[in-house]
Ligand SMILES: Nc1ncnc2c1ncn2[C@@H]1O[C@H](COP(=O)(O)OP(=O)(O)OP(=O)(O)O)[C@@H](O)[C@H]1O
Ligand SMILES: [Mg+2]
């Protein structure tokens, strides 16, 4: 836990200090203002002493001077309040800029993480962690800049000043009071925060139990176990109650302890200085000044403990996200990766083996070629590894053995960006952004003109459908495109792949949700678009791939048959049986 807090702290420093010149200037300004503020607040007791000296006539000054000093005393007080706010104004930008950098860093990192991370993530949990980190950053950063730093500087200066004015005894005494207070607070607040963690844990357990019970409300009803559910939740709530009281009591005890330390300190200093006044080694003004310094710290110190706790909690809240920032993507660009560009594509799988986990092989020493400008079709039973092949080609995963070559280059030697730019893919599951139809199609090429977007929509047979919509291209498709039918989604996916204008097309069941007639019409367009372009088609409906130059039959991750439609029929193997079954 300690180590994570230190990591979080260094992260904060890096976001705040190494952000930009402008932020550094702001921090320096904040420091200057803070020092000025401290100067003011330390001079207020000094002026107060002066006023008392004058009023008790231990010094002789003209009436004008006295009134001037009194006015100065008031002005200092007002100025102090104003400057405190002005300083905050400088801090706002530092904070918000830091939060922005942190959030953008997290987002960039998440974009760069591999598919397997995203498959395993729990979006709700992740979003919670990001929010926690943002609040944590803000609380910790604000606490440090606005409170901890100024208070510590102020205390050091006050001790120095007291030592200079009244000797080491007073300085040391003030130092001892502060040190005891701080050590006491840090030690017991740590204990209190442990108690708080336990309380949070109990609270999460109670919440989780309620959510689980509500999700399964049907089961609860079927078995009439409402009473059982309620008593189970109540048991957890009882634990929560106990831990809550414990942690709150702890904080109260800490506050009492802090009060006692300050009280005893104040008592000692008052006794010492009061005695000195009695013995005439000190003026009443000095007595007031010393008391002023001690009292001046009681206020900030009383929330020092609270702020310290906030900072601790903030740092703690950041730690979950820092762990994620530390996860390295599994797929990374080779340092020597080239930004490759080409006008044609030839793909070769050379003895490629792959499994998502070490225990289960999905593809077993697979070799085949998609020659330049040719169309290769992959067919085979469900789960045989067809979509897996497209994921490997896209380099979402790396093969465990063998290599995939693009125009003779191992795809691991090309930058991921340049590789994926060359491939236009329609995946088996279409995911859309919760935005307009137009946006979703135009996503294929962010620079495309409106005419190009509409032409792509036309090729994917979308225009007729879009014309029927009241909002036309501006229709919002709903989360993940759930407001569209399966066939409509597929055609959008096709349109945006067409718009990308790649040199290699990969269609994974790209027309499987369409009715026969629409599929035929689109098929014609697709053949025109992909004419002369290297194409990989995956299909269960064999009628859509009869025209392919080569058909590969995949079974259990191995190629069992390969050839043209007529050759495969002549072999009378799996393809022949599938073909007859579908006829
Ligand atoms: N992320 C994953 N982690 C573990 N196993 C996976 C993962 N994705 C797919 N699989 C498994 O890999 C096997 C091959 O999956 P793949 O999606 O390549 O099949 P497919 O040939 O495309 O099937 P379909 O015709 O149903 O689309 C399946 O048994 C599947 O359960
Ligand atoms: Mg598939």
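In this note's numbering, the protein residues as written are 372 to 954. Here a beta-carbon is modelled for each residue, glycine too, at the ideal position from N, C-alpha and C.
Asked                                                                                                                                                      : Found
Shortest alpha-carbon distance to residue 832 belongs to which of 812, 818, 816, 817?                                                                      : 812
Near ligand 1, which residues have their beta-carbon closer than 5 Å to a heavy atom?                                                                      : 727, 733, 753, 754, 755, 756, 757, 758, 759
Give, in chain order, every unbroken run of the alpha helix (DSSP H) that is at least 4 residues long and sits entirely within the stretch 582-649.        : 588-593, 597-649
Please state whether the Cβ-Cβ distance between residue 533 and residue 542 is less than 7 Å.                                                              : yes
For residue 635, tell me which candidate among 610, 648, 666, 620 has the shortest Cα-Cα distance.                                                         : 666
Are the Cβ atoms of residue 875 and residue 921 separated by less than 7 Å?                                                                                : no
Considering only heavy atoms of ligand 2, does any lie closer than 6 Å to the CB of residue 482?                                                           : no
Going by DSSP in three states, residue 428 sits in which element: helix, strand or coil?                                                                   : coil
By DSSP's criteria, residue 776 is part of a beta bridge. Which residues make up the other side?                                                           : 719, 781
Between which two residues does the beta strand (DSSP E) containing residue 907 stretch?                                                                   : 905-909
Using DSSP's beta-bridge definition, name the partner residues of residue 932.                                                                             : 924
So, does the stretch 396-408 touch the stretch 514-527, judging by three or more C-beta pairs under 8 Å?                                                   : yes
Hey, residue 772 and residue 724 are a contact pair by Cβ (cut 8 Å); roughly how many whole angstroms apart?                                               : 4 Å
Going by the beta-carbon positions, is the gap between residue 869 and residue 900 smaller than 7 Å?                                                       : yes
At 4 residues or longer, what runs of the alpha helix (DSSP H) sit wholly inside the stretch 700-773?                                                      : 757-764
Thinking C-beta only, is residue 767 closer than 7 Å to residue 711?                                                                                       : no
What span of residues does the beta strand (DSSP E) with residue 809 cover, start to end?                                                                  : It is not in any beta strand (DSSP E) - residue 809 instead sits in the alpha helix (DSSP H) that spans 808-813.
Answer yes or no: the CB of residue 611 versus the heavy atoms of ligand 2, is any distance below 6 Å?                                                     : no
Comparing the CB of residue 955 with every heavy atom of ligand 2, is any distance shorter than 6 Å?                                                       : Residue coverage of the chain in this structure runs from 372 to 954, which leaves residue 955 outside it and unanswerable.
Would DSSP call residue 461 helix, strand or coil?                                                                                                         : helix
Taking only the alpha-carbon atoms, compute the straight-line gap between residue 608 and residue 566 and give it to the nearest angstrom.                 : 16 Å
What are the start and end residues of the alpha helix (DSSP H) that includes residue 822?                                                                 : 821-830
Considering only residues of the same chain and omitting the five flanking positions on each side of residue 647, which have a CB-CB separation below 8 Å? : 653, 657, 658
For residue 759, is the classification buried or exposed, using 16 other Cβ atoms within 10 angstroms of its Cβ as the cut-off for buried?                 : buried
Express the C-alpha separation of residue 408 and residue 443 in angstroms, rounding to a whole number.                                                    : 15 Å
Residue 437 to residue 431, Cα distance in whole Å?                                                                                                        : 9 Å
Starting from residue 795, follow the beta strand (DSSP E) in both directions and report where the run begins and ends.                                    : 794-797
DSSP state of residue 875, grouped into three classes?                                                                                                     : strand
Could you check the C-alpha separation between residue 764 and residue 860 for me, to the nearest Å?                                                       : 23 Å
Are the Cβ atoms of residue 809 and residue 780 separated by less than 7 Å?                                                                                : no
So for residue 847, helix, strand or coil by DSSP?                                                                                                         : strand
Could you check which residue in 492, 879, 487 has the C-alpha nearest to that of residue 728?                                                             : 487
How big is the Cα-Cα spacing for residue 627 and residue 424?                                                                                              : 36 Å
Within 10 angstroms of the Cβ of residue 381, are there 16 or more other Cβ atoms? Answer buried if so, exposed if not.                                    : exposed
With H, G and I counted as helix, E and B as strand and the rest as coil, what does DSSP make of residue 804?                                              : coil
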